[in-house]
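Visitor: Residue numbers (UniProt numbering): 1 to 70. We treat Cβ as the ideally placed atom computed from N, Cα and C, and that holds for glycine. All values reported here derive from a predicted model rather than from experimental measurement.
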């Protein structure tokens, strides 16, 4: 799937209540969580969501940060 299509899809899921989890234990990894499902997200797409203000940091515990839609 192209990055633009994936970005659009993830934006829609986040507006429906999905959350983005950032893990920095062994490198930087992003996981989208929605309705009990987990989907690994490319870092470039996750960073674009952050830069454009579509998600905000909710809490940080250890090496994990949870982001929610704005």
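#1: Going by C-alpha distance, which of 12, 51, 16 and 25 is nearest residue 62?
#2: Which of the three DSSP states is assigned to residue 8 in this structure?
#3: If residue 22 and residue 56 are in contact, beta carbons under 8 Å, what's the gap, nearest whole angstrom?
#4: Where DSSP assigns a beta bridge to residue 19, which residues make up the other side?
#5: Excluding the five sequence neighbours on either side, which residues of its own chain have a C-beta within less than 6 Å of the C-beta of residue 38, listed in chain order?
Guide: Taking the structure as given:
#1: 25
#2: helix
#3: Their Cβ separation, rounded to whole angstroms, is 12 Å, which puts residue 22 and residue 56 out of contact at 8 Å.
#4: 33 and 68
#5: Excluding positions up to five away in sequence, the list reads 31.
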